[in-house]
Amino acid sequence: MTEKTLLRALKGETLPIPPVWLMRQAGRYLPEYRATRAQAGDFLSLCYNPELAAEVTLQPIRRYGFDAAILFADILLIGQAMGSKLWFAEGEGPRMSTITDAAGVDALRPTEAIHETLAPVYETVRILARELPKETTLIGFAGAPWTVATYMIGGKGKDEQAAAHAFKAADRVAFARLLDRIADATVEYLSAQIAAGAEVVKLFDSWAGSLKGQDFQEFCVAPAARIIADLKARHPDIPVIAFPREAGQGYVGFARATGADCVAVDNSVSADWAAAHVQVDGCVQGNLDPRHMVTGGPDLVAEAKRICKAFAGGPHIFNLGHGITPEADPDNVHRLLEAIRG
Ligand code: CP3
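With positions in the sequence shown counted from 1, the corresponding number in our numbering is that position plus 44.
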């Protein structure tokens, strides 16, 4: 059996046609997602319903034949499993109860307790491992400690993560303890996803760009390195994709500093720059601007081809620079795949 294309790229192979999947490929731009979401009720009920979560994960694979499926869940479930309250305000996005001091950090549940809440997610992974086409790679994921902490502290992700930065300034020791606690839970969570059948895991640090200088080293690079080292000790053959979104110059050397097998780059950097400065260390994933999935036309095709060309000299996984948006035209995904695969 020939190995799956996504796994080959992650091992460092340069392929003539890059494997492709899209962040948020299971989402509101698809009518079948909206129908299943309505059937589930609210978003969290969908995340915790293994049959329906597996169904929405499979929908974009059936429709488009992507090279990878990403488990349907959310990065904030782990915060809920650790003891924070989580809800989704319709049309507004996620909301959490807020941790405001060291006592709040110490009141979180012990790491072992997370599995009770997260068990349905592992069941979703088991269903997917059974039902995915044999050429499709199954990606598990978690949020990186900093990004998850911004929601657990601020209650939402907006406003430049001001509350999390304020907590860090007020009590750096308690702040570091919170990130350590999230990192411990993340290693457990990702290990359980791998045990259930995830073949690759991805660490989303969506707000990495707001950490600067020493903070970027301490609260983005170091936790990623620590999580990846612990995972590799338990599961040496499972590749890890790291996504320190909007890290800018921080992308340079990120794979070497953290042990990630692949660095996902957002669309604030050019593909040519990323090829020269990031792909030199191994596989890169990215980085089409998601707005092309809304606007389509000749620009979509030209940009997709330009990105493939820029990364053609090394291992590359085609993806967007951030998630596909609800306004995207589902037909543009076919146009994108045609541009990449010919
Ligand atoms: O298809 C996939 O990519 C897998 C599933 C997935 C979701 N969220 C489903 C989702 C993944 C990997 C995530 C990660 C996630 N969640 C991140 C990191 C990636 C990123 O986008 O930066 C973050 C920051 C979150 C937190 C989160 N969840 C936000 C900010 C929102 C609201 C934004 C929005 O689009 O409404 C969510 C909700 C969410 N997570 C949706 C989906 C499909 C939309 C919810 C709905 O159906 O109403």
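Beta carbons are placed, not taken as given, at the ideal position from N, Cα and C, and that holds for glycine.
Separation of the CB atoms of Phe185 and Phe248 is rounded to 6 Å, and the pair is thereby assigned contact status at 8 Å. Counted as a single uninterrupted DSSP element, the stretch harbouring Trp251 is not any alpha helix (DSSP H), since DSSP gives it neither H nor E. Beta-bridge analysis with DSSP links Cys306 to Ile285, Cys327. Counting only residues of its own chain and dropping the five nearest sequence neighbours on each side, Arg170 has a CB closer than 7 Å to the CB of Ala240, Gly241.
Of Asp375, Arg350, His279, Trp251, the smallest CA-CA separation from Ala291 is found for Trp251. When the five nearest sequence neighbours on each side are left out, the beta carbons in the same chain lying within less than 8 Å of the beta carbon of Ala269 are those of Ala301, Thr302, Gly303, in order along the chain. By the beta-carbon neighbour count (other beta carbons within 10 angstroms, threshold 16), Gln258 is exposed. Under the criterion of beta carbons closer than 8 Å, Val296 and His321 qualify as touching, at roughly 5 Å. Just so you know, the alpha carbons of Pro280 and Asp228 end up roughly 18 Å apart.
Cβ-Cβ distances below 8 Å link Gly365 to Val309, Asp310, Asn311, Ser312, Gly330, Asn331, Leu332, Asp333, Pro334 in the same chain, with the five nearest sequence neighbours on each side left out; the list follows chain order. Between the ligand CP3 and Ala319, a heavy atom-to-CB distance of less than 6 Å is absent. Contact between Leu222 and Ala193 is confirmed by a C-beta separation of about 6 Å, below the 8 Å threshold. Between the beta-carbon of Phe87 and that of Arg81 there is about 7 Å, and that keeps the pair under the 8 Å contact cut. The way I'd put it, the segment 103-122 does touch the segment 65-79; three or more beta-carbon pairs between them come closer than 8 Å. For His360, the secondary structure class from DSSP, reduced to helix, strand or coil, is strand. Apart from the 5 residues on each side of it in sequence, Pro164 sits with its Cβ closer than 6 Å to the Cβ of Tyr92, Pro94 in its chain, given in chain order.
For Arg81, the enclosing alpha helix (DSSP H) stretches over residues 75-84. Distance between Glu136 and Gly201, taken at the CA atoms: about 11 Å.
Rounded to whole angstroms, the separation of the alpha carbons of Gly326 and Thr46 is 22 Å. The beta carbon of Ile61 sits closer than 6 Å to the beta carbons of Arg385 from its chain, once the five residues preceding and following it are set aside; these are given in chain order. Per DSSP, Ile226 is one residue of the alpha helix (DSSP H) stretching across 216-240. Shown here for Pro283: same chain residues with a beta carbon closer than 6 Å to its own, the five before and five after excluded, namely Leu54, Val244, Asp305 in chain order.
Taking all protein chains in view, the Cβ of Glu99 is crowded by 16 or more other Cβ atoms within 10 Å, so the residue is classified as buried. For Ala186, the enclosing beta strand (DSSP E) starts and ends at 181-187. Distance from the CA atom of Gly127 to the CA atom of Leu381, rounded to whole angstroms, is 41 Å.
Taking the C-beta atoms as reference points, Thr180 is found no nearer than 7 Å to Ala125. Contact between Leu255 and Trp190 holds: their C-beta atoms lie close to 6 Å from each other, under 8 Å. In the displayed model, Trp65 falls within coil according to three-state DSSP, outside both helix and strand.
For Arg139, the three-state secondary structure derived from DSSP is strand.
Straight across, the Cα-Cα distance linking Leu90 with Thr230 is about 21 Å.
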